[in-house]
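> Just so we're aligned, residue 84 is where the sequence shown starts under the working numbering, counting upward by one.
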Amino acid sequence: MIMDVMITVILVLLIAVLGILYYMLKYNSNFLKQIQSIKGIQFNTLDIGEESPLFRVMDDNGKKVIAKQLFYNKNTLILFVNSKCPICKSILGKVDLINDNYDLNIIVINNDESLDDSLIKKLLPLSITYIRSVYITTAYHVYTTPMGVLIENGKVKQYSKISDFYVLNNMLVSEKGKQIAN
């Protein structure tokens, strides 16, 4: 009888300890997410000079896109956008100016795979590669859009949040081409 009571007490205490551990871990996880969302603090970003993550995917037109081939042939600009982002759409409305004035591969990656992206597709010239992929966005540690990554010889040359078209234009200042008048 005493043994049964002791085992019951031990089991109740063990369940209580497990419950406390569960809530501590849950609280800690939420706390870390809040820290990560504080403006100015970012974890896991790409560093300038770091090898850019490679990928091999099909673009929106069914054409195979092999990052290694693009990154080593000529400099590549990757723009990360989202279907719901109004700033992204205003930048994409002027991306043909970049396409016409700079000798770059331009890849637009939409991190939203489910919403209607017809407006984004309309804004892009046919020569720009358009991909929908959460995987690539995660590999490049993109947590907000629009974001731009300039790649030279397979390494990250520039990595920046883009607040408007002029920030994107200034990001390309060192590239060969005609500077677009602000």
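Don't be surprised by glycine CBs; every beta carbon is placed ideally from N, CA and C.
What is the DSSP secondary structure of serine 216, reduced to helix, strand or coil?
Coil at serine 216, not helix or strand.
> Quick check on valine 250: does DSSP put it in helix, strand or coil?
If DSSP states are grouped into helix, strand and coil, valine 250 belongs with the helices.
> With distances taken between CB atoms, is the gap from valine 232 to tyrosine 242 smaller than 8 Å?
A contact, by the Cβ cut-off of 8 Å.
> Since serine 201 is in the alpha helix (DSSP H), which residue starts that stretch and which ends it?
That run of the alpha helix (DSSP H) goes 201-206.
> Based on the DSSP output, what are the partners of leucine 162 in its beta bridges?
Answer by DSSP bridge pairing, in chain order: Val191, Gly231.
> So isoleucine 181 and isoleucine 189 are supposed to be a Cβ contact under 8 Å. How far apart are they, rounded?
So it is a contact: roughly 7 Å between Cβ atoms.
> Do isoleucine 203 and leucine 251 have their CB atoms nearer than 8 Å?
Contact flag unset, no.
> Please state whether DSSP places isoleucine 149 in a helix, a strand or coil.
The answer is strand: DSSP assigns isoleucine 149 an E or B state.
> In its own chain, which residues sit with a C-beta less than 7 Å from the C-beta of aspartate 179, not counting the 5 before and 5 after it?
Same-chain partners within the cutoff: Pro208.
> Drop a sphere of 10 angstroms on the beta-carbon of leucine 101, count the other beta-carbons inside from all chains shown, and report buried for 16 or more, exposed for fewer.
Exposed: under 16 other Cβ atoms inside 10 Å.
> Please classify tyrosine 226: does DSSP put it in a helix, a strand, or coil?
Note: tyrosine 226 maps to coil in three-state DSSP.
> Just to confirm, is the Cβ distance from threonine 212 to aspartate 142 under 8 Å?
Closer than 8 Å, so yes.
> Reducing DSSP to helix, strand and coil, say where serine 243 ends up.
Three-state result, serine 243: strand.
> Between leucine 129 and tyrosine 223, is the Cβ-Cβ spacing less than 8 Å?
Result yes, Cβ atoms of leucine 129 and tyrosine 223 sit closer than 8 Å.
> Mind reading off the beta-carbon distance from asparagine 253 to tyrosine 155? Whole number of angstroms is fine, and I expect it under 8 Å.
Not confirmed; about 25 Å, so no contact.
> How would you call asparagine 193, buried or exposed, if buried means at least 16 neighbouring beta carbons within 10 angstroms?
Asparagine 193 should be labelled buried.
> Might you give, ordered along the chain, the residues of its own chain that have their beta carbon closer than 7 Å to the beta carbon of proline 136, omitting 5 neighbours on each side?
The answer, listed in chain order, is Ala222, Tyr223.
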